[in-house]
Amino acid sequence: MKTYSCVCGQLIFFQNVACVNCGRELGFLPEELRLASLEPAGDGLWRPTGTGQNQEGLYRKCQNYVKAAVCNWMTPEKEKDETFCASCRLNEVIPDLSNEINVGLWALVEAAKRRVVYSLIRLNLPVARKKDDPQNGLAFRFLSDIVNPDGTTTKVLTGHDEGVITLNIAEADDATRETVRHAMKEPYRTLLGHFRHEIGHYYWDRLVRGTNFLEPYREIFGDERPDYQQALNRYYQTGAPANWQDSYISAYATAHPWEDWAETWAHFLHIQDALEVANDFGLVGKRILIDPQEANGRARVSQEQSNFDDVIVAWAEFAVALNSINRSMGLPDLYPFVLSHAVIAKLRFVYEVISGGAAPALQTATADTEARR
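Read in numbering that gives the first Met the number 0, the sequence shown has 143 at position 144, and its numbers run on one by one without any break.
Shown next, in the form of structure tokens:
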């Protein structure tokens, strides 16, 4: 995620709706992956500052920007039939907003979802909504637990099923999420991580199932055909096997090859997005000799990574710095995971699948750089 500048020169960020310096309203232009300062153009239309009177450059605010204040994305005026932006139009069900608590939780959910959609657009991955492509499209349902008349509660389970990603919006509540994280003995659990994990299931269906990648996938991740629910039940009963860190990015990844893929996919997006930020701030490039046998190499300057190997080297070094910074503040490691050789091979496969599904755009994007339960 890059930072941007208002026309006045003030630094502005992805989630901002107004410049703190000059007060100009801001809007994100998804087709340009750019946050822009805006000037009113009449009739509810807006023009990015500095684009002159070009009628092709007019935009409308997403309805969830105008009416609900949970979005800051824009829709090109030429898309006259669209009232929602490229992110919000993927919504199939939103929370019950008559419950005031849900309004704040929904805003957090939408903020995390926009970051994921940004990554998908940046990687040039296919993003179609169910309304337009019932078979291969994507849809989001944001729901909350239901209290039944008899006092019992019907739980909403977060997961993916045939292109529909359901999220229990309780995951947007920090206290609730932390309680679950401790109960599940997870080192890391975030709202954004949920989206990245579940979207991984969706893209397994789109990019791996029924393609030439399927057999190589089975060689690296395992055979996904054994009963999924039985595998999950076994994992929850017995936990991860000993020494799972040698081959998996997380304990949950051991549950089933589908979960191994989704966890690995999520980490690939973690790495891509974090490195984009680091590159934008000039934080990548300091030579850190992790291997004591490594000879003094030529010092690198901060620069964007042009291939997978560059990405992994940059991330391995940057993660050391991130974790050290957190420790200096008395906080747990920001990235408490180990990238073993087997995990790196899996990340490389994800990279290759995305390259195959999005080439040649991934090369540019990188250079810029539960289930189904």
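All C-beta atoms in this analysis are idealised placements derived from N, C-alpha and C, irrespective of residue type, glycine included. Everything numeric in this text was worked out from a predicted model, so none of it was measured.
task: Assign D173 to buried or exposed, taking buried as 16 or more other Cβ atoms, counted over all protein chains shown, within 10 Å of its Cβ.
output: exposed
field: Short Cβ contact (9 Å threshold) for M0 with R88
entry: no
- request: Tell me whether F376 sits in a helix, a strand or coil according to DSSP, three-state version.
  value: There is simply no residue 376 to check, as the chain begins at 0 and stops at 372 in what is shown.
field: Alpha-carbon spacing of S97 relative to P225, whole angstroms
entry: 43 Å
task: Decide if L156 is buried, meaning its Cβ has at least 16 other Cβ atoms within 10 Å, or exposed.
output: exposed
message: Using C-beta distances below 7 Å, list every residue in its chain close to V283, excluding the 5 sequence neighbours before and after it, in chain order.
response: L274, A277, S301, A313 and F317
- prompt: With DSSP run on the structure shown, which of helix, strand or coil describes F355?
  reply: Position check: residue 355 holds Gly in this sequence, whereas Phe was assumed. Note: G355 maps to helix in three-state DSSP.
- prompt: DSSP three-state call for R224: helix, strand or coil?
  reply: coil
- prompt: Does DSSP put Y251 in a helix, a strand or coil?
  reply: helix
- request: Please classify P75: does DSSP put it in a helix, a strand, or coil?
  value: strand
field: Extent of the continuous alpha helix (DSSP H) run through D259
entry: P256 to D279
- request: Would you kindly work out how many angstroms separate the C-alpha atoms of N167 and V116, rounded to a whole number?
  value: 19 Å
message: Please report the distance separating the alpha-carbon of A344 from that of G136.
response: 29 Å
- request: Can you say whether L25 is buried or exposed, counting buried as having 16 or more other CB atoms within 10 angstroms of its CB?
  value: buried
- prompt: Helix, strand or coil: which one does DSSP assign to A138?
  reply: strand
Which listed residue (E177, G43, E218 and A254) has its alpha carbon closest to that of L231: A254
field: Below-9 Å beta-carbon distance, N306 vs any chain C residue
entry: Given the protein chain composition of this structure (a single chain), no chain C is represented.
message: Can you determine whether any heavy atom of the ligand SAH sits closer than 8 Å to the C-beta of A265, and answer yes or no?
response: This structure lacks the ligand SAH; in fact it carries no ligand of any kind.
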